[in-house]
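The opening position of the sequence shown corresponds to residue 1 in the working numbering, with each subsequent residue numbered one higher.
Beta carbons: idealized from backbone N, C-alpha and C, even for Gly.
A quick write-up on the structure given underneath.
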Amino acid sequence: MKTVAVSARAKTLINILKQAQKGGLILRSPEGREFVITELDEKKLWHDAAKKHFSEAYDDQDSIYDNL
Numbered sequence: 001m002k003t004v005a006v007s008a009r010a011k012t013l014i015n016i017l018k019q020a021q022k023g024g025l026i027l028r029s030p031e032g033r034e035f036v037i038t039e040l041d042e043k044k045l046w047h048d049a050a051k052k053h054f055s056e057a058y059d060d061q062d063s064i065y066d067n068l
């Protein structure tokens, strides 16, 4: 996944990003392709990645990790 900086002069895209701040958007291209635009919560991303790592690394019977 790439990060692309958006110029303040890109008014249409800035308006779309403002809408995405209120809740995720699905952006549909003229060809019908769909893209999800949503604000990222970096802390939640790291938490979810750690939880996935632990759930894959430890056996289901290791109940100490149940409440991650």
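| query | result |
| --- | --- |
| Alpha-carbon to alpha-carbon, M1 and P38 | Rather than Pro, the amino acid found at residue 38 in this sequence is Thr. Taking the straight line from one Cα to the other gives about 14 Å. |
| Test item: CB-CB of E34 and L40 under 8 Å | no |
| Endpoints, beta strand (DSSP E) assigned at E34 | 34-37 |
| Proximal residues to V6 (C-beta, below 6 Å), its chain only, five neighbours per side dropped | L13 |
| Residue span of the alpha helix (DSSP H) that contains L45, given as start and end | 42-57 |
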